[in-house]
Amino acid sequence: MSKLPHIGTSIFTVMSQMASEHQAINLSQGFPNFPVDDRLTAILSRIAKENVHQYTPMSGLPSLLEKIAILTKETYGREIAAKEEILITAGATEGIFAAIQTLVKANEEVIILDPSYDCYEAPILLSNAKPIRVSLNNNFTPNWEVIFAAANEKTKLIIINNPHNPTGKMWAENDFVQLEKLVDAYPNLLVLSDEVYEYITFEQPHISVNHHPKLWHRSISVSSFGKSFHITGWKIGYVIAPENIMREIKKVHQFLVFSVSSIAQHALNEYIDLVDVKTLGGFYQQKRDFFRNLIKDTKLDLLPCEGTYFQVASYANISEENDLDFTKRLVTEFGVATIPISIFYANGKDNKCIRFCFAKDDKTLMQAAERLRQL
Ligand code: PMP
Ligand code: GLN
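Here it is in structure tokens:
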């Protein structure tokens with residue numbers, strides 16, 4: 092009966108609900124708890140009285156498209172045609188769904204690198220295609236030997252996520268050398284690059300498919316204003332793809348949503364001129380360091396965190412419970428909600444690791460750490 096029999100309610104919903112039921116500190120679902128920029132709310136209240144309430148063009152407000160093209164040129168050195176190669180979407184989620192539904196046909200295969208974010212599999216299954224889940228190495232770098240072994244003539248897409256949710260790992264230049272070899276070896280294979288945390292990077296700079304001219308004609312990149320401007324609830328992002336692919340993605344987008352929230356697009360069209368996305372990494376690096384310092388004197392072991400606003404920690408020193416049971420007990424007995432890493436694996440691999448979201452104000456992080464010291 093169900094078209095998606097193995098898919099249940101997302102862990103992010105489950106954990107956020109548990110957090111509110113138990114009045115726990117919610118470091119599970121990834122969203123900031125601090126106020127958005129006053130300049131953005133001022134723009135919103137002013138434009139609410141203006142003519143911004145009707146449909147925008149299907150692919151997005153033309154001036155916002157132009158500004159995204161300029162940002163892409165400044166950030167990645169890639170020149171793109173605003174009207175033809177950019178699509179504003181209802182969050183990265185809709186962009187990913189539309190791209191997969193557009194590109195993947197029945198019986199084709201899509202490589203997903205585990206642990207992986209949860210929104211990739213359903214659109215593949217709804218296309219009657221096959222997700223091929225390939226594990227990353229133990230340090231969460233791509234295992235190119237296994238990826239090459241998994242690829243074949245039926246492989247339509249490889250989905251990459253860099254910086255990576257949940258592990259905070261980032262790709263190195265050599266990974267892109269290997270990716271270029273992969274697309275060279277399989278002429279029908281495309282890359283869907285989920286880069287929603289592109290501006291949340293710390294010691295090392297983010298490397299994008301948009302930096303690599305050899306990948307431009309074979310890649311779709313996905314960005315999220317939710318992450319970059321601390322407005323996850325607005326559900327607005329964008330996709331960049333070469334014109335021939337974008338033309339097809341727009342066919343799906345126009346019947347999924349047609350166009351995206353007009354007021355959000357008008358507000359961002361002004362706000363994007365005021366912000367410097369390059370400061371985001373420093374902002375979150377401070378939070379990462381603050382949180383890591385607080386957690387140092389607990390029994391948790393911190394894994395490296397190169398980007399994103401997630402910190403993974405091992406609780407192997409504390410308990411032998413499986414990670415789902417451990418996170419549930421952490422909410423009910425200690426009042427801190429987190430995400431178990433096993434849910435990001437198709438095979439449910441349990442590394443005894445949990446994910447914290449540190450996009451929170453200092454007070455929240457300090458309170459959480461105090462509770463975690465009781466462990
Ligand atoms: N991809 C990843 C890796 C994410 O963490 C998220 C987070 N929500 C998304 C996609 C979806 O982004 P959006 O909220 O813009 O749909
Ligand atoms: N991306 C967010 C996270 O990883 C979750 C978004 C959602 O709840 N769908 O926590």
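Numbering-wise (my numbering), the sequence shown opens with residue 92 and increments by one. Idealized CB from N, CA, C, for every residue including glycine.
Give the DSSP-derived three-state secondary structure of Arg309 in the structure shown. coil
Would you tell me roughly how many angstroms separate the C-alpha atoms of Met457 and Glu411, rounded to the nearest one? 26 Å
Just to confirm the assignment, what range does the beta strand (DSSP E) spanning Phe401 have? 401 to 405
Does at least one heavy atom of ligand 1 sit under 7 Å from the Cβ of Ser319? No.
Is the beta carbon of Asn124 within less than 7 Å of some heavy atom of ligand 1? no
Report the residue from Arg383, Asn124, Pro96 whose alpha carbon sits nearest the alpha carbon of Phe320. It is Asn124.
Outcome for Ser101 when other beta-carbon atoms lying within 10 angstroms are tallied against a minimum of 16: Around the beta-carbon of Ser101, fewer than 16 other beta-carbon atoms lie within 10 Å, marking it exposed.
Could you tell me whether the region 182 to 194 touches the region 283 to 302, where touching means 3 or more Cβ pairs closer than 8 Å? yes
May I ask whether a heavy atom of ligand 1 can be found less than 7 Å away from the beta carbon of Gly398? No, Cβ of Gly398 sits at least 7 Å from all heavy atoms of ligand 1.
Are there three or more Cβ pairs, one per stretch, closer than 8 Å when the region 252 to 268 is compared with the region 161 to 177? no
Please specify which runs of the beta strand (DSSP E), each continuous and at least 3 residues long, are wholly inside the region 264 to 333, giving them in chain order. 281 to 285, 310 to 315, 328 to 331
Ser226 bridges to which residues according to DSSP? Asp205
By alpha-carbon positions, which one of Ile191, Ser226, Asn234, Asp380 ends up nearest to Lys451? Asp380
Residues near Tyr208 in its chain [Cβ-Cβ closer than 8 Å; skip 5 each side]: For Tyr208, where only same-chain residues beyond five positions count, the Cβ hits under 8 Å are Asn252, Asn256, Pro257, Asp285, Phe435.
Does any heavy atom of ligand 2 sit closer than 7 Å to the C-beta of Gln120? Distances between the C-beta of Gln120 and the heavy atoms of ligand 2 include at least one below 7 Å.
Quick check on DSSP: helix, strand or coil for Pro431? Correct three-state label for Pro431: strand.
May I ask you to list the residues that DSSP assigns as paired with Thr180? Gly328
Between Gly328 and Gly151, which are expected to be in contact by the criterion C-beta below 8 Å, what is the C-beta distance as a whole number of angstroms? With a Cβ gap of about 11 Å, Gly328 and Gly151 do not count as contacting.
Looking at the structure shown, is Gly398 part of a helix, part of a strand, or coil, going by DSSP? Shown here, Gly398 sits in a strand according to DSSP, grouped into three states.
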